[in-house]
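Going by UniProt numbering, 108 is the number at position 108 of the sequence shown; the sequence numbering is gapless.
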Amino acid sequence: MILKNEAQGNKDTTALVQCFIQASPRSCIAIKITVLRARNVTQGWYDWIDTPDPYLMMRIPTSPEIVKRTKCVSNNKNPEWKEEPFIFHIDPEEDNVLELTLWDEDYDSDDQIGDAVCIPLALKKMQLWKPELKTLKFGEYSEVDIILEATSVSEQSPDLRYSVDLCDKENEFREKRTAMVFEAMKTMLGDQGPQNMDEVPTIAVLGSGGGYRATTGFSAACRALDEMDLLNCVTYLTGLSGSAWSLSLLYSQTSGDKIDTRETQKNIREQLQWGPMWLLTPRRVMQYVKEITEKWKKGQPVSLTDFYGHCVGESLLGPKRTQLS
Numbered sequence: 001m002i003l004k005n006e007a008q009g010n011k012d013t014t015a016l017v018q019c020f021i022q023a024s025p026r027s028c029i030a031i032k033i034t035v036l037r038a039r040n041v042t043q044g045w046y047d048w049i050d051t052p053d054p055y056l057m058m059r060i061p062t063s064p065e066i067v068k069r070t071k072c073v074s075n076n077k078n079p080e081w082k083e084e085p086f087i088f089h090i091d092p093e094e095d096n097v098l099e100l101t102l103w104d105e106d107y108d109s110d111d112q113i114g115d116a117v118c119i120p121l122a123l124k125k126m127q128l129w130k131p132e133l134k135t136l137k138f139g140e141y142s143e144v145d146i147i148l149e150a151t152s153v154s155e156q157s158p159d160l161r162y163s164v165d166l167c168d169k170e171n172e173f174r175e176k177r178t179a180m181v182f183e184a185m186k187t188m189l190g191d192q193g194p195q196n197m198d199e200v201p202t203i204a205v206l207g208s209g210g211g212y213r214a215t216t217g218f219s220a221a222c223r224a225l226d227e228m229d230l231l232n233c234v235t236y237l238t239g240l241s242g243s244a245w246s247l248s249l250l251y252s253q254t255s256g257d258k259i260d261t262r263e264t265q266k267n268i269r270e271q272l273q274w275g276p277m278w279l280l281t282p283r284r285v286m287q288y289v290k291e292i293t294e295k296w297k298k299g300q301p302v303s304l305t306d307f308y309g310h311c312v313g314e315s316l317l318g319p320k321r322t323q324l325s
């Protein structure tokens, strides 16, 4: 446990310091790419065996989005894409390069057609707000038409809040939770408890990592605190790795403002008694692969960790795995 007393004077000092540490968002440029069509997509003699299933991959390493791709058009040498423009946000002060690769989707591994096409995004030479049609050549015969446009987004509100202060909703939560902790500590400690809201300490329970061991251990700790009526004195519950898995189960059992530590412990015991082999049945493995493939098709990176994450989610959450955001 961590105890921290927050006197009113400290709050005022913190607020005064924070008002001088506000960060300002930097302006950025939105690169909009509209993929129109491709022509003569070919892998040479291999086309006699399998007609290409092309898609275009776009990558800007310096952009937060990094990678995006079009949908695959099956069995079509001259596909047309009627998709929304792909948008990358870039810092105009960095050396930004757009890398485009044309791929043929296969069952085992996708094949790249030709070499990658690299377009330096020299914004001083690009005219903002003016779309530009470009024809890209991959290999000897394959071509792709795209529309490239650069727009300024300096006037947009940032997606990330730039401040070292707590957000409004967090302050609302703390105000409500402090009142609940105040009543719980008065009931438990009587005259030795806090006399007003300013004397209420912020108490956090932190769980360590350690996989399933940490999951069972942290659930037992929460259950013990609940039985001793100490859980109502806690402002924050947090953990990493296995303890975070336990928290996921705890909140999935929550009804309203009341968390059920007994039901959580029961579910963990039931879910972990079967061993790992039932997670690797053909039906479940195919479902994992399907969901990981969908993630990859959206341009997001995938690795073996994704497969492990699906196994953990299935073992702990079961059917509720797809219901939690």
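Think of the CB as a built atom: it goes at the ideal place given N, C-alpha and C, for glycine as much as any other residue.
Predicted, not measured: the structure shown is a model, and the values here were computed from it.
Simplified DSSP assignment, three categories, for residue i
| i | result |
| --- | --- |
| Leu317 | helix |
| Gly309 | helix |
| Ser152 | strand |
| Glu143 | strand |
| Gly207 | strand |
| Asp226 | helix |
| Asp95 | coil |
| Leu36 | strand |
| Leu160 | coil |
| Trp81 | coil |
| Thr215 | helix |
| residue 337 | No answer is possible for residue 337: the residues shown for the chain start at 1 and end at 325. |
Limits of the beta strand (DSSP E) - the one that residue i falls within
| i | result |
| --- | --- |
| Pro120 | Asp111 to Pro120 |
| Pro54 | Pro54 to Arg59 |
| Arg69 | Val67 to Arg69 |
| Glu132 | Glu132 to Phe138 |
| Ile90 | Phe86 to Ile90 |
Pair within 7 angstroms by beta-carbon distance, residue i and residue j
| i | j | result |
| --- | --- | --- |
| Ser219 | Ile268 | yes |
| Met57 | Trp103 | yes |
| Cys118 | Glu99 | yes |
| Thr135 | Pro85 | no |
| Leu250 | Thr264 | yes |
| Val234 | Val205 | yes |
| Asp226 | Thr261 | yes |
| Ile29 | Pro92 | yes |
| Ser109 | His89 | no |
| Leu133 | Asn96 | no |
Within-7 angstroms CB hit, residue i to chain D
| i | result |
| --- | --- |
| Trp103 | Absence of chain D from the displayed structure is noted, only one protein chain being present. |
heavy atom of the ligand MG below 6 angstroms from residue i C-beta
| i | result |
| --- | --- |
| Arg262 | Ligands in the displayed structure: none, and consequently the ligand MG is not present. |
**Study point:** Cβ contact (3+ pairs, closer than 8 angstroms) linking the stretch 39 to 47 and the stretch 66 to 78
**Key:** Touching, yes.
Review point. Curious, which full-length beta strand (DSSP E) runs of at least 3 residues does the stretch 167 to 194 contain?
Key: none
Review point. Which parts of the stretch 236 to 306 are runs of the alpha helix (DSSP H), unbroken and 4 residues or longer, counting only runs that do not cross its ends?
Key: 242 to 252, 261 to 271 and 282 to 297
Check your understanding: Does the count of Cβ pairs from the stretch 160 to 171 and the stretch 193 to 200 closer than 8 angstroms reach three?
Key -> no
Point to revise | Stretch-stretch touch, CB-based, cutoff 8 angstroms, three pairs: the stretch 271 to 288 with the stretch 227 to 246 | key: no
**Study point:** Three or more C-beta pairs below 8 angstroms linking the stretch 171 to 179 and the stretch 140 to 150
**Key:** These segments do not touch.
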